[in-house]
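J.: First the structure, then my questions, so here it is.
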Amino acid sequence: MLERLPALALSERAQVRRRAGQEMVPMRGVPMLPMPPHVVDVVSRAAPEVFPRDSRGSITLKTAVAEHLQEKFALAVNPDRELLVTHGAQHGLSVALRALLVPGDEVLIPAPSYFFDGTVRLAGAVPRYVPSAESDGWGLPLDQLKAAISPRTRAILLCNPNNPTGTVPTREELNVVLDLARRHGLYVFADESYERYVHEGPGYVPQMSLVDSYDRLVTLTSLSKNYAFTSWRVGYIHAKADLIDIIHAALEWDAINVGDIPQLAAAAAISGPQDWLDREFSTFRARRDLLLEGVAAAGLAVVTPGAGVFAFVNFSPLGVTGFELEEALLDAGITALSGDSFFGPGSCARVLYGGTAPSLVQLGRQLKVLANRESA
1 MLERLPALAL SERAQVRRRA GQEMVPMRGV PMLPMPPHVV DVVSRAAPEV
51 FPRDSRGSIT LKTAVAEHLQ EKFALAVNPD RELLVTHGAQ HGLSVALRAL
101 LVPGDEVLIP APSYFFDGTV RLAGAVPRYV PSAESDGWGL PLDQLKAAIS
151 PRTRAILLCN PNNPTGTVPT REELNVVLDL ARRHGLYVFA DESYERYVHE
201 GPGYVPQMSL VDSYDRLVTL TSLSKNYAFT SWRVGYIHAK ADLIDIIHAA
251 LEWDAINVGD IPQLAAAAAI SGPQDWLDRE FSTFRARRDL LLEGVAAAGL
301 AVVTPGAGVF AFVNFSPLGV TGFELEEALL DAGITALSGD SFFGPGSCAR
351 VLYGGTAPSL VQLGRQLKVL ANRESA
């Protein structure tokens with residue numbers, strides 16, 4: 001039996017406390033922005049219309065995506081043949097796994113990593129977690145990945161940049177993974193949902209930019225995170241045309257197609273003015289630094305995240321792990337998932353920093369109170 005998605009289950013526990021009158025520090029993991037006028041205008045004009053169904057996705061959206069990839073990453077993408085629109089990155093991963101794997105296939109996942117577990121198991125595949133080390137900055141465990149390959153291994157699944165650690169793999173690391181996959185005939189699935197959230201370091205290298213060197217690479221992208229489209233549930237898959245054809249058939253049986261109005265809204269967001277997003281994303285490094293100041297003041301350790309809206313804080317001094325750690329944090333008004341949910345150390349927790357400066361200062365104070373109370 002599948003467990004619930006950890007983030008949603010934790011959010012409900014926090015909501016119960018909030019309704020009971022407990023003050024919770026307001027943090028979020030995605031931008032919560034009102035749609036700008038140029039997107040609202042497209043939606044308003046499209047709402048009365050009836051559109052022809054296209055199960056591969058709106059050519060308007062796919063063209064906007066292809067133009068974005070060409071402009072930002074110099075990637076030449078055929079919008080008709082190499083893109084497939086999905087209900088977000090998680091849906092894309094689900095249909096891709098079911099289309100390309102068979103029951104019993106093993107999927108190697110460097111951990112800690114976003115909770116792909118249920119999605120992999122729903123495809124009949126077996127998730128196999130390969131631990132990375134805090135002492136190595138949560139970098140990709142390349143030697144361990146190589147050692148973990150078995151006769152049943154069919155794929156490697158990456159989160160780039162990583163959720164929950166905020167680690168940004170280097171081009172060299174990604175090339176090693178692709179070389180390993182090539183030698184063993186493995187698929188590489190890359191969740192690249194945090195493209196716009198890179199703060200520093202070697203810089204984000206979209207794995208799809210390496211697709212010409214390996215034709216079994218499947219990239220999954222979320223517009224929810226990159227374009228504040230959480231309510232719309234839109235994303236896309238990029239892969240070589242022959243893989244897109246196979247995944248497309250699975251998507252038709254799964255959902256038939258993605259709704260037209262969300263796709264047109266997404267196309268307008270991608271191709272239209274970006275200032276409404278740029279203002280928001282330009283603040284995330286400063287928000288991260290406020291959180292890091294609070295973590296340090298509390299006497300806790302963390303590997304500085306190079307990307308994302310979260311930090312994977314080490315709460316070992318508290319002496320509790322897993323559910324008990326989450327409850328201790330909730331008692332302090334902090335909603336944070338323990339490392340168990342990411343198949344990492346249960347003494348760590350993913351702490352979000354997508355809030356206002358006053359909320360982040362409050363979060364730092366609460367971390368210090370919690371650390372002092374537990375060490376007393």
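Counting along the sequence shown from 1, when you hit position 74 you're at 74 in UniProt numbering, and nothing is skipped either side. Just so it is clear, CB atoms sit at the ideal spot from N, CA and C, and this is done for glycine as well. All values derive from a computational prediction rather than experimental measurement.
1) Beta-carbon within less than 6 Å of Pro31's beta-carbon, same chain only, minus the 5 sequence neighbours each way: which residues are those?
2) Candidates Asp331, Ala301, Arg350, Ala297: which alpha carbon is nearest residue 386's?
3) Using alpha carbons as the reference points, say which of Asp41, Tyr204, Gln15, Ser11 lies closest to Gly272.
4) Could you give the C-beta distance for Ile261 and Ala125, rounded to a whole number, given that I count them as a contact under 8 Å?
5) Take Gly235 as the anchor and find which of Asp242, Lys225, Ala241 has the nearest alpha-carbon.
6) With which residues is Phe312 paired in a DSSP beta bridge?
7) Could you pull the DSSP bridge partners for Pro131 from this structure?
8) Would you say the segment 318-334 touches the segment 95-110, given that touching needs at least three Cβ pairs under 8 Å?
9) Could you check what DSSP says for Ile256 in three-state terms: helix, strand or coil?
10) Determine the burial state of Ser282: buried for a count of at least 16 other Cβ atoms within 10 Å of its Cβ, exposed for fewer.
11) For His68 versus Ile270, is the C-beta distance shorter than 9 Å?
12) To test your reading of the DSSP string, which unbroken beta strand (DSSP E) runs of 3 or more residues are found completely within the segment 74-105?
13) Tell me the DSSP secondary structure of residue 380 in three-state form.
14) Pull up the distance between the alpha-carbon of Ser375 and that of Gly333, whole angstroms please.
15) Relative to the alpha-carbon of Ser359, which residue among Cys348, Asn372, Thr335 has its alpha-carbon at the smallest distance?
16) Taking the CB atoms as reference points, tell me whether Gly354 and Pro345 lie closer together than 9 Å.
17) What's the gap between the Cα of Gly88 and the Cα of Glu49?
18) Whole angstroms is fine: what's the gap from Thr356's alpha carbon to Thr219's?
19) May I ask which residues mark the beginning and end of the alpha helix (DSSP H) holding Ala297?
20) Quick one: grab the DSSP three-state call for Leu158.
21) Within 10 angstroms of its Cβ, does Arg216 collect 16 or more other Cβ (buried), or is it exposed?
22) Find the nearest neighbour of Lys62 within the set Leu83, Ser132, Glu134, Trp253, judged by alpha-carbon distance.
T.: Let me lay it out:
1) Ala228, Glu280
2) Beyond the ends of the chain as shown, which are 1 and 376, falls residue 386; an answer cannot be given.
3) Asp41
4) Between Ala125 and Ile261 the Cβ distance is about 33 Å, and since that is not below 8 Å, they are no contact.
5) Lys225
6) In the DSSP output, where bridge partners are listed per residue, Phe312 has Arg350.
7) Ala111
8) no
9) coil
10) exposed
11) Yes, these two residues count as a Cβ contact at 9 Å.
12) 83-86
13) Outside the displayed span of the chain (1 to 376) sits residue 380, for which this structure offers no information.
14) Because Ser375 carries a pLDDT of 49, less than 50, the predicted location of this residue cannot be relied on, and no value is offered for it.
15) Out of Cys348, Asn372, Thr335, Thr335 has the C-alpha closest to the C-alpha of Ser359.
16) No, the pair does not count as a contact, with Cβ atoms beyond the cut-off.
17) Each residue's alpha carbon lies about 24 Å from the other.
18) 32 Å
19) 284-297
20) strand
21) Classification for Arg216: buried.
22) Leu83
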